[in-house]
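Participant: Reminder that position 182 of the sequence shown reads as 191 in the numbering used here, one-by-one numbering, no gaps.
Built from N, CA and C at the ideal position, the CB exists for glycine as well.
Here's a structure for you.
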Amino acid sequence: MYTNNSEERKFLYAKPYFAGVIVDTDSNEFDWFGNDERGQLGTFIKDSNFTELMCELVHIFKEGLPNYYELSSLFSIKYEIVQGYLISRYGLETARKEKEEFERRFGKGKAGMDSGDKIICRVENIERKDQDISKIEMDIDIECLKINDFYLFVNELPDLNEMKTNIELKFDNIDIFVGNKLIVKDKSYKIIVLEDENRT
């Protein structure tokens with residue numbers, strides 16, 4: 010499995026911007042283009058089999074809270090906020106004020122500011138040699154922009170019990186549930202593998 014060198018992977022954990030402001034000022038500068046680790050990790054994500062990819066993702070999340078934009082950029086250049094755009098663009102407080110003003114003028118429920126106060130990021134055109142993932146969605150915490158739930162929509166479910174066994178061999182203190190999907194759960198995140206029923 011690809012070796013995770015935390016020092017060289019600072020870019021993965023860069024503090025995200027929220028409404029034009031860095032969420033945490035204790036941010037480390039990193040060289041986007043000159044980072045060899047980024048290129049190697051991108052190649053690994055494209056070329057690895059699905060079980061290797063899952064183990065790498067578990068490792069990434071166990072090392073810290075990855076920046077959702079940095080992580081998505083390793084899978085594809087097609088990335089968009091499909092829910093919570095107003096929040097991600099202006100910040101939670103301004104978005105709430107905009108919503109309240111709109112609803113005061115036009116009626117309750119007319120603001121179209123999504124259902125709930127959360128941000129959902131979707132990544133499509135996944136660059137994988139095996140073309141096994143149709144899309145990725147991330148449920149992002151609105152307060153600190155950490156990834157709460159990381160969904161991998163696959164074209165066809167692999168053997169989930171075998172995958173569970175392989176992940177458990179590499180990691181301790183991790184909860185894995187298997188049913189019609191696989192859920193890897195830790196106290197601060199979930200990675201979910203499920204079949205994409207809406208693939209074209």
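Give me the Cα-Cα distance between L203 and D141, rounded to the nearest whole angstrom.
Facilitator: 11 Å
Participant: Select from K106, I129, K196 the residue whose C-alpha is nearest the C-alpha of I151.
Facilitator: I129
Participant: With Q49 as the anchor, note down where its beta strand (DSSP E) starts and where it stops.
Facilitator: Taken as a continuous stretch (DSSP letters only), Q49 belongs to no beta strand (DSSP E), being part of the alpha helix (DSSP H) at 45-56.
Participant: Quick one: Cα of D158 to Cα of L50, how far?
Facilitator: 21 Å
Participant: Runs of 4 residues minimum, wholly inside the region 117-204: which ones carry the alpha helix (DSSP H) assignment?
Facilitator: 169-179
Participant: What are the boundary residues of the beta strand (DSSP E) that includes I90?
Facilitator: 87-92
Participant: For K24, which three-state DSSP category applies?
Facilitator: coil
Participant: Hey, K138 and D56: beta-carbon distance below 7 Å or not?
Facilitator: yes
Participant: Do you know whose CA, among E46, L62, L74, lies nearest D195's CA?
Facilitator: Comparing Cα-Cα distances from D195 to each of E46, L62, L74, the minimum goes to L74.
Participant: Quick one: what's got a C-beta closer than 8 Å to N58's C-beta in the same chain, skipping five residues either side?
Facilitator: Result list for N58: D139, in chain order.
Participant: Starting from L66 and walking both ways along the alpha helix (DSSP H), at which residues does that stretch end?
Facilitator: Residue range 59-72 is occupied by the alpha helix (DSSP H) that includes L66.
Participant: Could you check the C-alpha separation between Y22 and N76 for me, to the nearest Å?
Facilitator: 5 Å
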